[in-house]
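**Student:** To convert a position in the sequence shown, counted from 1, into my numbering, add 12.
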Amino acid sequence: MSSRIQPTAQVDETATLGDGTTVWDLAQIREDAQLGSGCIVGRGAYVGPGVRIGDNVKLQNYALVYEPAVLGDGVFVGPAAVFTNDHFPRSVDPEGRLKRGGDWEAVAVVVGEGASVGARSVCVAPVRIGRWALVAAGAVVTRDVPDFALVVGVPARRIGWVGRAGVRLTEREGESGVWECPETGALFEEKDGELVERA
13 MSSRIQPTAQ VDETATLGDG TTVWDLAQIR EDAQLGSGCI VGRGAYVGPG
63 VRIGDNVKLQ NYALVYEPAV LGDGVFVGPA AVFTNDHFPR SVDPEGRLKR
113 GGDWEAVAVV VGEGASVGAR SVCVAPVRIG RWALVAAGAV VTRDVPDFAL
163 VVGVPARRIG WVGRAGVRLT EREGESGVWE CPETGALFEE KDGELVERA
């Protein structure tokens with residue numbers, strides 16, 4: 013099985029695409045980007061130079077993933093979501109000269125396995141989105157998001173927990189700090205603001 017690239021997409025010859033990856037119309041994948049197997053890159057999406065993307069990742073239409081972002085396996089990036097890369101953005105330096113690549117330091121958005129980033133949300137680098145976390149549509153993420161966290165708003169704040177199915181967890185009756193997935197029955201324990209799966 014090989015990758016499938018629509019004729020209007022631009023994929024740099026130095027980019028690496030895994031088996032079964034599909035790149036749709038008007039998407040752009042820049043030099044040295046690495047995409048795993050089974051990925052879907054939607055219409056008009058952008059993947060910057062050297063970005064690393066795992067297996068079975070979905071970048072929906074017009075998602076913008078700027079270098080040096082790193083996305084784990086099974087990550088979902090919703091339509092028109094943006095991953096920034098400049099902590100102190102300026103077009104010019106203090107003397108008014110146009111800044112070039114060597115005039116600033118790119119910083120990353122790192123997204124853990126299975127996490128989802130909703131439509132039109134913005135992740136302001138440097139920031140890490142934890143494993144299986146869920147960022148609501150339109151949220152602006154300005155600080156790290158714990159594993160399994162559900163975050164909403166501007167700036168994004170945690171309002172709950174989600175499991176691997178993406179469904180909001182409910183606290184188990186009579187067991188403080190124990191959370192359950194209503195879809196899968198999986199159990200989790202909350203300790204010091206973090207959530208861990210029970211073995």
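Cβ coordinates follow ideal geometry from the N, Cα and C atoms, glycine included.
The model shown is predicted, which means the values in this text are computed figures rather than measured ones.
Assuming contact is defined by CB atoms lying nearer than 7 angstroms, are D195 and R184 in contact in what I supplied?
**Tutor:** Start at 1 with the first residue of the sequence shown, and residue 195 comes out as number 183. Start at 1 with the first residue of the sequence shown, and residue 184 comes out as number 172. According to the sequence provided, residue 195 is Glu. The question's Asp does not apply to it. No, the Cβ-Cβ distance between E195 and R184 is not below 7 angstroms.
**Student:** Look up G113 in the DSSP assignment and say whether it is helix, strand or coil.
**Tutor:** Translated into the one-based positions of the sequence shown, residue 113 becomes position 101. Residue state, collapsed to three classes: helix.
**Student:** Which of the three DSSP states is assigned to A161 in this structure?
**Tutor:** The count along the sequence shown starts at 1 and reaches residue 161 at position 149. If DSSP states are grouped into helix, strand and coil, A161 belongs with the strands.
**Student:** Taking the alpha-carbon positions, what's the F100 to K111 distance?
**Tutor:** Position 88 of the sequence shown, counted from the first residue, corresponds to residue 100. Position 99 of the sequence shown, counted from the first residue, corresponds to residue 111. The alpha-carbon atoms of F100 and K111 are separated by roughly 12 angstroms.
**Student:** If you draw a straight line from the C-alpha of V174 to the C-alpha of T26, how long is it?
**Tutor:** Position 162 of the sequence shown, counting from 1, holds the residue named residue 174. Position 14 of the sequence shown, counting from 1, holds the residue named residue 26. Their backbone Cα atoms lie some 37 angstroms apart in a straight line.
**Student:** If I'm right that S133 touches G178 with Cβ under 8 angstroms, what's the distance once you round it to whole angstroms?
**Tutor:** As a first step, residue 133 is located in the sequence shown; it is residue number 121 there, counting from the start. As a first step, residue 178 is located in the sequence shown; it is residue number 166 there, counting from the start. At roughly 15 angstroms, the Cβ-Cβ gap does not stay under 8 angstroms, so S133 and G178 are not in contact.
**Student:** Skipping 5 residues on each side, what residues in its chain have a beta carbon closer than 6 angstroms to that of V87?
**Tutor:** Numbered from 1 along the sequence shown, position 75 holds the residue referred to as residue 87. If we look at V87 and ignore the five residues flanking it on each side, its Cβ neighbours are V69, V123 and A127.
**Student:** Here's a check: name, in chain order, each residue in its chain whose Cβ is nearer than 7 angstroms to the Cβ of L38, leaving out the five neighbours to either side.
**Tutor:** Along the sequence shown, one-based indexing puts residue 38 at 26. Contacts found: T20, A21, R55 and G56.
**Student:** Return helix, strand or coil for R155, following the three-state DSSP convention.
**Tutor:** Locating residue 155 in the sequence shown gives position 143, counting from the first residue. The answer is coil: DSSP assigns R155 none of H, G, I, E or B.
**Student:** Would you give the residue range spanned by the beta strand (DSSP E) that G172 belongs to?
**Tutor:** Within the sequence shown, residue 172 is the residue found at index 160, counting from 1. Here the beta strand (DSSP E) through G172 covers R169 to W173.
**Student:** With distances taken from CA atoms, which of A81, T182 and I52 is nearest P138?
**Tutor:** Taking the sequence shown and counting its residues from 1, one reaches residue 138 at position 126. When only C-alpha atoms are compared, the closest one is A81.
**Student:** Hey, quick one: how far does the beta strand (DSSP E) through L181 stretch, first residue to last?
**Tutor:** Within the sequence shown, the letter at position 169 stands for residue 181. Segment: none, L181 is in no beta strand (DSSP E) and carries neither H nor E.
**Student:** Going by DSSP, which residues form a beta bridge with T34?
**Tutor:** Locating residue 34 in the sequence shown gives position 22, counting from the first residue. DSSP, once it has assigned bridges, lists R16 and I52 as partnering T34.
**Student:** Closest to E43 by C-alpha separation, out of I52, T34, C51 and Y58, would be which residue?
**Tutor:** By 1-based counting over the sequence shown, the position of residue 43 is 31. It is Y58 whose Cα lies nearest to the Cα of E43.
**Student:** Tell me which same chain residues have a C-beta within less than 8 angstroms of the C-beta of E148, skipping the five on either side of it?
**Tutor:** Taking the sequence shown and counting its residues from 1, one reaches residue 148 at position 136. A small correction: the amino acid at residue 148 is Ala; Glu does not occupy that position in the sequence shown. Result list for A148: G130, S133, L162, V163, V164, G165 and A168, in chain order.
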